[in-house]
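To keep things clear, I will list the structure first and then write my remarks on it.
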Amino acid sequence: MKHLSEYRDPELVQQYLKEIHRITTKPWTLMEICGGQTHSLVKNGILEMLPEFITMVHGPGCPVCVTSVSVIDEVIWLAEQPNVIIGSFGDMLRVPGSRKSLLEAKAEGADIRILYSPLEAVKLAKENPTKEVVFFAVGFETTAPANALSVVHAHQMGITNYSILASHVLVPPAMEAILGDEENMIDAFLAAGHVCAIMGFEEYFPIAEKYKTPMVVTGFEPVDLLQGIMMAIMQLEKGEYKVENQYARSVQREGNRMAKETIKEVFEVSDRVWRGIGEIPLSGYEVNEKYKQFNARNKFNIDIPFAEENKECISGDIMKGLKKPKQCPNFGTTCKPEHPLGAPMVSSEGSCAAYYQYAQNII
Amino acid sequence: MNEKIKMQLHCPMPKFDFEVITLGHGSGGLLTHRLLQTGVFDLFKNDHLDQQHDGAILELSGKLAFSTDSYVISPIFFPGGNIGDLAINGTVNDIAMCGATPKYLSLSFIIEEGLTMKKFWEVLVNIKTAADKAGIAIVTGDTKVVEKGKGDKLFINTSGIGVVHPKAAIHHNRIQAGDAIIISGNIANHGIAIMSRRQGLEFETTIETDSANLNHIIIALIEQFGSDIKFLRDPTRGGLASVLNEVAELTGLGYEINQKQLPIDAQVEGACEMLGLDPLYVANEGLFVAIVKQSIAEKLLEQLKADENGVNAAIIGYVTEEHRGKVVIKSAIGGKRIVGYLTGEQLPRIC
Chain U
20 MKHLSEYRDP ELVQQYLKEI HRITTKPWTL MEICGGQTHS LVKNGILEML
70 PEFITMVHGP GCPVCVTSVS VIDEVIWLAE QPNVIIGSFG DMLRVPGSRK
120 SLLEAKAEGA DIRILYSPLE AVKLAKENPT KEVVFFAVGF ETTAPANALS
170 VVHAHQMGIT NYSILASHVL VPPAMEAILG DEENMIDAFL AAGHVCAIMG
220 FEEYFPIAEK YKTPMVVTGF EPVDLLQGIM MAIMQLEKGE YKVENQYARS
270 VQREGNRMAK ETIKEVFEVS DRVWRGIGEI PLSGYEVNEK YKQFNARNKF
320 NIDIPFAEEN KECISGDIMK GLKKPKQCPN FGTTCKPEHP LGAPMVSSEG
370 SCAAYYQYAQ NII
Chain R
88 MNEKIKMQLH CPMPKFDFEV ITLGHGSGGL LTHRLLQTGV FDLFKNDHLD
138 QQHDGAILEL SGKLAFSTDS YVISPIFFPG GNIGDLAING TVNDIAMCGA
188 TPKYLSLSFI IEEGLTMKKF WEVLVNIKTA ADKAGIAIVT GDTKVVEKGK
238 GDKLFINTSG IGVVHPKAAI HHNRIQAGDA IIISGNIANH GIAIMSRRQG
288 LEFETTIETD SANLNHIIIA LIEQFGSDIK FLRDPTRGGL ASVLNEVAEL
338 TGLGYEINQK QLPIDAQVEG ACEMLGLDPL YVANEGLFVA IVKQSIAEKL
388 LEQLKADENG VNAAIIGYVT EEHRGKVVIK SAIGGKRIVG YLTGEQLPRI
438 C
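Quick note, the sequences are listed as chains U and R, same order.
Using the numbering used here, you'd call the opening residue of the first sequence number 20 and step up by one each time.
Using the numbering used here, you'd call the opening residue of the second sequence number 88 and step up by one each time.
Following this line, the structure appears as structure tokens:
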């Protein structure tokens, strides 16, 4: 990991911290969008190193956390059908649906495989021609190109027993939903580096302009995060609201053209229910008409009642930055990673789990 | 590795009149007899086994250590070893962690019908090699065969007895603030080796399991440093973080480790980053954590590093009066955080 060591250099970290202390004249509230950033802030102990009057709020950028109960119920319904193999990213397995989680369905005998790539699911479909293989395609814009590509591959290979259950969510509409909330208290955003590596950051200019909110596309290593925080504070202190790119080693303004084209080939923008937040218009991807035979919702007659979110879980307020995990009465008591009430306690990148794991009784 | 190849040359597979193991091999009848006679007894030959009693009659004196473990790993073959050497080293190490020299082991198989004789033989050969290296005798055992689908190829249970070294005084209640925490080598190799095989991940060079017997080095250290070695534990499932949390809970003291001092192979670290796993929780099979009196820590480290199983050993932290009952890691950039227990299985993340 030599290429990463310079972004973990303790001396550089100290220099940025000093500079952040020097330039900050009033309290600011910043939201890091991505769960990976939250994880890194907590894991590296950065939250404890920042000036007290800088508040970091952890955004909705954890796909595990925002996948709605109904979608979990859908995939469990599919898993329980005869001759169906479900492929899923690992950390979706523990997320509670309204009745059970995928992990529980697996224990009861459903054929659920942890996969690292949807292309493995296509391979699985090829190897199991008598079974239906469904890949649980969750994630932000980051996982969308690979999921789309799996559909294109299956189509090209003439594989008919493969489909995806898409639950993709998009970052810019979520940012707008947060900024447009009347209780909003976010002064600036650290935009998610990986999402922007795919999509670029042109979409952010009108949002920054409309809500007069600075946005800094930021990476995930300690030095990245501190530099991003510093850039955002510099703008705030000067009263600016520009879109800046801290993560230039990975992100270009226009993003990754090929990845975007692949997404466009297979997906169309659709409304999406976010766990804890509710429906945000045009905030997700669904498989388009051209590839509808690869859409599990089209292929199977999924028959489940609409499921309510667990009312005790305040994940919506946490993801909008209105509350911190520790302000939830269930945090660490009735809600723990082994018995999560809501999704932010499940994924290692969920803000509740990150707090629980690393900082429950912070020194 | 060379040793294993040599072992296979010395142990050509005997001629069995069957290619796969069937239910009949667990029936206790003729097939069982043939399997044991040709496969097991000849290979593990020793005075105790030769008696062919229902159990082994042993003579031991002094304080004894006794341990058991079941091995259900999947896949049963992985880079650097197979379930066979794992089943020996695991129990041997558990006994060694009590400050004892392991002497005798029992060995039980639960085989899923359909396992090929060739694979079973490869496992037996690794068992033999590991047992010889550890200097233990397999003195009793059992073989059961279950129907297809009722097991996962092969499960092994081993139990072992060892004689506690007269100078050993291993107990968590002897740990005091100021004691040094030592790890005997690079962390997370075993877990990542297994994960890479399960997921079909490929790296520039193969990451191999660290499975090894630690009894010889442990006894040598106890011989030298006696009761100044206060606590020993092998960080297998749950990894280093789980061992430290257990001992923090048992002693009520604080355990502070330094990320910078943690020995880890660059490739393993990269794999952990990629898979979204924390190496502190990843399993090891040939490592031990020692908590020792601070004044001997450097000297012990020197001796440990001279051993084949301690080349990458390091002092990773100290026991403290602060943040009692907790494990704290100082991050590479100087921040501090609590290292808690792992909940459930570590699941690879989405992005």
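Just so you know, even glycine gets a beta-carbon here, dropped at the ideal spot from N, CA and C.
Taking the Cα of Ser-24 (chain U) as reference, the smallest distance to any Cα among U:Pro-241, U:Glu-51, U:Ile-91, U:Leu-36 is reached at U:Pro-241. When C-alpha distances from Lys-261 (chain U) are compared across U:Met-234, U:Leu-138, U:Ala-326, U:Asp-130, the shortest belongs to U:Met-234. Counting only residues of its own chain and dropping the five nearest sequence neighbours on each side, Lys-231 (chain R) has a CB closer than 6 Å to the CB of Gly-113, Ile-197. Between Gly-427 (chain R) and chain U, the shortest Cβ-Cβ separation is below 8 Å. Here DSSP, grouped into helix, strand and coil, assigns Val-90 (chain U) to helix. Here Thr-407 (chain R) is bridged, per DSSP, to R:Gly-341. Looking at the backbone, the Cα of Phe-242 (chain R) and that of Asp-229 (chain R) are separated by about 12 Å.
Straight-line measurement puts the Cα of Leu-36 (chain U) at about 7 Å from the Cα of Leu-69 (chain U). Counting only runs that start and end inside the stretch 57–133 of chain U, the beta strand (DSSP E) elements of at least 3 residues fall at 73–80, 103–107, 130–133.
Under DSSP, Asp-229 (chain R) shares a beta bridge with R:Ser-195. A Cβ-Cβ separation of about 13 Å leaves Val-88 (chain U) out of contact with Arg-291 (chain U) under the 8 Å criterion. For Lys-345 (chain U), the nearest beta carbon of chain R is not closer than 8 Å to its own beta carbon.
Cα atoms of Ser-271 (chain R) and Ala-362 (chain U): separation of roughly 38 Å, rounded to the nearest angstrom. The C-alpha of Glu-199 (chain R) lies about 38 Å from the C-alpha of Ala-353 (chain R).
In this structure, the beta-carbon distance from Leu-391 (chain R) to Leu-301 (chain R) does not fall below 8 Å. Judged by DSSP in its simplified three-state form, Ala-255 (chain R) adopts coil rather than helix or strand. Note that the C-beta distance between Val-170 (chain U) and Phe-313 (chain U) is below 8 Å. In terms of Cα proximity to Asn-169 (chain R), the closest of R:Lys-240, R:Arg-261, R:Met-361 is R:Lys-240. Membership of Val-306 (chain U) in the beta strand (DSSP E) is indicated by the continuous run 297–306. The three-state reading of DSSP puts Val-365 (chain U) in coil, since its state is none of H, G, I, E or B.
If you ignore the 5 residues before and after Leu-349 (chain R), its C-beta comes within less than 6 Å of the C-beta of Ile-403, all in its own chain and listed in chain order. Contiguous alpha helix (DSSP H) elements confined to the stretch 235–318 of chain U occur at 241–257, 276–285, 315–318, taking only those with 4 or more residues. Ile-73 (chain U) has a beta carbon lying at 8 Å or more from every beta carbon in chain R.
Only buried fits Pro-115 (chain U), as 16 or more other CB atoms lie within 10 angstroms of its CB. Assignment of Asp-172 (chain R) by DSSP, reduced to helix, strand and coil, places it in the helix class. Around the C-beta of Val-376 (chain R), 16 or more other C-beta atoms lie within 10 Å, and the residue is accordingly described as buried.
When the five nearest sequence neighbours on each side are left out, the beta carbons in the same chain lying within less than 7 Å of the beta carbon of Ala-251 (chain U) are those of Leu-49, Ala-207, Leu-209, Pro-233, Val-235, in order along the chain.
In the DSSP assignment, Lys-417 (chain R) falls within the unbroken beta strand (DSSP E) covering 414–417. The beta carbon of Gln-376 (chain U) falls within 8 Å of a beta carbon belonging to chain R, placing the residue at that interface.
Using a CB distance cut-off of 8 Å, Ile-65 (chain U) counts as an interface residue toward chain R. In the three-state DSSP reduction, Asn-399 (chain R) falls in the coil class, being neither helix nor strand. Taking every protein chain shown into account, the CB of Lys-317 (chain R) has 16 or more other CB atoms within 10 angstroms, so this residue is buried.
The alpha-carbon separation between Leu-136 (chain R) and Ala-143 (chain R) amounts to approximately 7 Å. Sequence-ordered contacts of the stretch 389–423 of chain R with chain U read Glu-409, His-410, Lys-413, Val-415, Ile-416, Lys-417, Ser-418, Ala-419, Ile-420, Gly-421, Gly-422, Lys-423 [C-beta pairs closer than 9 Å].
Annotation for Glu-51 (chain U): no alpha helix (DSSP H) segment contains it, though the beta strand (DSSP E) segment containing it runs 47–53. Taking Tyr-181 (chain U) as the centre and dropping the five residues before and after it, the same chain places the C-beta of Val-141, Ala-144, Val-152, Ala-173 closer than 6 Å to its C-beta, in chain order.
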